[in-house]
Amino acid sequence: MYFKTIDFSKFSSIKVGSPIEVLMIEREDTLPVDRLIIGHANNLLVSNNPPPLMMLSKDFSFIELEKDILTIGCATPTGKILSFAKKNNLAGFEFVSKLPGSLGGMIAMNAGVKSYEVFNILDAVKINGIWKKREEIEYGYRFSKLGGVATEVRFKVKYGFSKELLNELINLRSNQPKTASAGSAFKNPKDDYAGRLIEAVGLKGVSKGAMQWSEVHANFLVNHGGGTFEEAKYLIDLVQEKVFKTFEVSLKEEIQVL
Ligand SMILES: Cc1cc2nc3c(=O)[nH]c(=O)nc-3n(C[C@H](O)[C@H](O)[C@H](O)COP(=O)(O)OP(=O)(O)OC[C@H]3O[C@@H](n4cnc5c(N)ncnc54)[C@H](O)[C@@H]3O)c2cc1C
274 MYFKTIDFSK FSSIKVGSPI EVLMIEREDT LPVDRLIIGH ANNLLVSNNP
324 PPLMMLSKDF SFIELEKDIL TIGCATPTGK ILSFAKKNNL AGFEFVSKLP
374 GSLGGMIAMN AGVKSYEVFN ILDAVKINGI WKKREEIEYG YRFSKLGGVA
424 TEVRFKVKYG FSKELLNELI NLRSNQPKTA SAGSAFKNPK DDYAGRLIEA
474 VGLKGVSKGA MQWSEVHANF LVNHGGGTFE EAKYLIDLVQ EKVFKTFEVS
524 LKEEIQVL
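Start counting the sequence shown at 274; every next residue gets the next number (our numbering).
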């Protein structure tokens, strides 16, 4: 293991944060228990004072296909997984397109689009060195209880990559802002949409400094450049407070605030 200084104002997709020392985990290492694992910071809002962090090194970025069993390391970027699936005609990975991050982050968030979620297609996850079958892991809409660090994931292979589905899912993205963000800020409450509620309380387009509830899609907290953690947190708290006052709905953050 070794330390690497990561500037979260550059590395994170929302471009908020500062340079922080992150412990990089290599294959032979024993996993530390006193550090929080992060992936590629596409769903994070990192303060200037986060808990001690660790990240999987390139040792965990690999894709192996052997006898219809696909094993992928958790540091593998989603873009590489999509290219591999296309090239090898594998079905089920189409939704990964335009879903930025690493496989580890996807597993922890049970990332997905519409009814397509990563837990639908996986077979087992290696957590803290032990393989766990999907049935042994609790998961649901944008969460999973891993109870440790995921390092590898096994998928049962199905053939038939669908270009039609890929295009359909890419088209769904047309209502998403291109400005820096961490994806959806809040999870959708049951039978409703966080974006609708944010709009209904009049906060769509509202900004604080360089941070703003996007005018394109209200549930995206966007950074127009140089936005700070404090500005972002102010806007998150404001939405939670107003939505609760108006609708008695507690919006849960999808974005992980560290
Ligand atoms: C423009 C944009 C669009 C997006 N669209 C979608 C979407 O449609 N659907 C969707 O679900 N998400 C979406 N996201 C959010 C993001 O892409 C996903 O949550 C992604 O899976 C995050 O991966 P990451 O590697 O960046 O994880 P990070 O953001 O670094 O971490 C996310 C969480 O995963 C945990 N984690 C990371 N690695 C591991 C590991 N190895 N073991 C255990 N826990 C780990 C972290 O502790 C943290 O809690 C979007 C983001 C952006 C910027």
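Glycine is no exception: its CB is placed at the ideal position from the N, C-alpha and C atoms.
Quick one: residues in its chain with C-beta nearer than 6 Å to the C-beta of Ala423, no 5 flanking neighbours on either side, listed in chain order? Cys347, Gly377, Ile380, Val398, Ile400
Whose CA, out of Ser454, Gly456, Trp404, Arg427, lies closest to the CA of Ile394? Arg427
With DSSP as the reference, identify every bridge partner of Glu367, one or two as the case may be. Answer by DSSP bridge pairing: none, since Glu367 is not bridged.
Please state whether the Cβ-Cβ distance between Ser356 and His313 is less than 8 Å. no
Any heavy atom of ligand 1 closer than 7 Å to the Cβ of Pro462? no
Bridge-paired residues (DSSP) for Asn496: Ala453, Met484
Nearest CA to the CA of Gly475: which residue from Lys460, Ile410, Ala491? Ala491
Proximity to Glu437 [Cα-Cα], best of Leu445, Lys353, Met484: Leu445
For Thr349, does the count of other Cβ atoms within 10 angstroms reach 16, so buried, or fall short, so exposed? buried
Around the Cβ of Ile354, are there at least 16 other Cβ atoms within 10 angstroms (buried) or fewer (exposed)? buried
Residues that Leu470 bridges to, as DSSP identifies them: Partner(s): none; Leu470 has no beta bridge.
Cβ neighbour criterion (16 or more within 10 Å) applied to Phe276: exposed
Candidates Val489, Ala364, Ser457, Lys463, of which the one nearest Ile509 by Cα: Ser457
Count the C-beta pairs between the region 496-513 and the region 468-487 that are closer than 8 Å, then say yes if the count reaches three, no if not. yes
DSSP three-state assignment for Tyr414, whether helix, strand or coil: coil
Would you check whether ligand 1 has a heavy atom nearer than 7 Å to the C-beta of Ala423? yes
Taking Gly290 as part of the beta strand (DSSP E), name the residues at either end of that continuous run. From DSSP, Gly290 is part of no beta strand (DSSP E); its letter is neither H nor E.
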